[in-house]
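In what follows, a structure is listed as structure tokens, so that the remarks can point back to it.
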Amino acid sequence: MKALIILSLLAYSSYAGYVLVMNDTFTDLSNWIADVMPGSASGNSEWEYYTDSPNNVFTTQINGQNALVLRALAQNYEGYNYTSGKVHSVRPWGPYGFFNIKAVVPKGNGLWPAIWLLPPNAQTIYGTWPACGEIDIMETVCTNSSGYSTIHFGGEWPNGAQWPNNGYNMWSFLPNWNIQHWYGLDWQPNYINFWLDAQMINGKITGGQLLFNIPSSRWYALNSNGQRYPGNAPFNQPFNIILNVAVGGFWPCWEGCCQNLAIPAQMEIYNVQIWHNSQSEE
């Protein structure tokens with residue numbers, strides 16, 4: 006009976022225009038790979054070393070719900086004073102669809118948690134970052150009350166790069182950080198929308214707050230000659246989902262909050278849902 010109910014739900018979702026292709030409630034980590042790398046390798050001057058240790062990356066139950074926990078610790082490792090957790094999806098997803106992640110996000114000095122998407126290996130036919138494209142569903146730093154949704158695109162850094170300082174591709178929002186929220190991305194050929202606390206119900210994005218709409222006319226990818234690739238590049242290719250808690254780095258320190266760090270700290274992810282458009286490749 007349970008299988009029939011699930012099949013019926015998927016059939017209805019497909020008829021309505023979306024197919025639920027991933028619904029991870031974190032009974033295990035089979036959909037994720039823990040990154041092992043120094044935070045400085047990100048190019049953001051971060052202070053942590055990402056490990057696959059069960060001290061930094063693990064699943065557990067919190068108040069009766071399964072959760073993935075990414076925990077930052079004050080711990081000496083490979084010449085770094087902090088360790089933390091970062092995972093990426095086993096496979097890339099998209100292009101296009103509705104991505105919805107339920108999480109509790111930590112706040113405090115020196116913290117930089119993020120829910121974001123990047124092409125596999127951060128390099129595609131469009132080149133290196135940010136020509137390859139990046140979608141930040143949620144980022145926040147320190148005790149700053151705002152969260153941020155952002156896209157990155159343009160030419161390879163630093164030539165023609167378009168990123169938050171350009172102003173029109175970033176939006177802030179003000180959730181209650183002490184509770185669970187759904188952080189949503191509606192990624193379509195002609196636009197990208199960011200959502201807070203929306204749900205997919207009967208094939209429609211329902212409730213919540215539409216944070217930010219970016220039409221495809223605003224983004225582009227440039228080749229090495231500064232010419233635009235055709236179509237809606239770079240956001241026309243599959244991306245990996247990335248979840249992490251950074252410590253330090255240029256953004257928290259620029260905000261002036263890299264002293265008296267709020268460590269230990271953890272991000273709790275309770276659910277990752279991906280709904281593909283019925284015509285998209287699954």
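Once you know that position 16 of the sequence shown is 21 in the working numbering, the rest is easy, because the numbers rise by one and skip nothing.
A virtual CB, placed ideally from N, CA and C, is assigned to each residue, including glycine.
Presumed contact (8 Å Cβ cut-off) between residue i and residue j, rounded CB distance
i	j	result
A270	P111	4 Å
N114	A251	About 13 Å; that fails the 8 Å criterion.
A49	G254	Note that residue 49 corresponds to Asn in the displayed sequence, not to Ala. Confirmed, about 4 Å.
G152	P125	About 26 Å; that fails the 8 Å criterion.
D29	T64	That belief does not hold up - the Cβ atoms of D29 and T64 are roughly 10 Å apart, past 8 Å.
Whole-angstrom distance between residue j and residue i, CA atom to CA atom
i	j	result
E51	L116	10 Å
I106	W187	5 Å
Y131	Y101	18 Å
I246	T155	15 Å
M6	N237	Below a pLDDT of 50, predicted positions are generally treated as unreliable, and M6, at 36, falls in that range; the measurement from the model is reported next regardless. One C-alpha to the other measures close to 43 Å.
I108	G84	Strictly speaking, residue 108 in this sequence is Ala, with Ile absent from that position. Cα to Cα, A108 sits roughly 31 Å from G84.
P118	R233	32 Å
T129	Y275	30 Å
L73	P59	11 Å
W182	N149	10 Å
I142	P235	25 Å
N86	P43	11 Å
P239	I184	34 Å
L215	C263	32 Å
P220	I197	6 Å
F158	F217	17 Å
W256	V146	7 Å
I206	W259	41 Å
R223	N195	10 Å
L9	Q66	At L9, the pLDDT of 34 sits below 50, so the modelled position is not reliable; the number obtained from the coordinates is stated separately. Between L9 and Q66, the C-alpha separation is close to 28 Å.
W200	E273	19 Å
S45	Y225	28 Å
G69	R96	28 Å
S229	S47	22 Å
Spatial neighbours of residue i in its chain, beta-carbon cut-off 7 Å, leaving aside the 5 residues before and after
i	result
V62	A39, L75, G90, V92
G3	Look at the range of the chain in this structure, 6 to 287, and you will see that residue 3 is not part of it.
I279	V26, M27, W98, G102, F104
V41	Y55, T56, D57
S94	N36, W37, N245, I246
L123	E139, F244, N245, I247
Proximity test, Cβ basis, 7 Å: residue i and chain B
i	result
A77	Chain labels in this structure do not include chain B; a single protein chain is all it has.
Neighbourhood of residue i by C-beta, 6 Å cutoff - its chain only, sequence neighbours within 5 removed
i	result
G22	G208, S283
E144	A119, Y153
N249	K91, A119
S177	S151, Y153
N241	P100
N71	T30, F31, T32
D202	H186, W187, G213
T133	E161
N265	N114
V277	D29, I106
Spatial neighbours of residue i in its chain, beta-carbon cut-off 8 Å, leaving aside the 5 residues before and after
i	result
T88	E53, Y54, Y55, T56, S58, N60, N61, A77, L78, Q80, Y82
Q204	N105, W187, I210, T211, G212, G213
Any non-hydrogen atom of the ligand FAD closer than 6 Å to residue i Cβ
i	result
W134	The ligand content of the structure shown is nil, which means the ligand FAD is not present either.
Uninterrupted beta strand (DSSP E) stretches inside the region 156–217 (no shorter than 3 residues): 175–178, 186–193, 196–201, 204–206, 209–211
- Please confirm if the region 191–198 is in contact with the region 210–226, defined as three or more CB-CB distances below 8 Å between the two stretches. yes
Runs of alpha helix (DSSP H) wholly within the region 240–280 (minimum 4 residues, chain order): 255–259
At what residue ranges does the region 43–84 contain a whole run of the beta strand (DSSP E), taking only runs of 3 or more? 53–55, 62–67, 70–82
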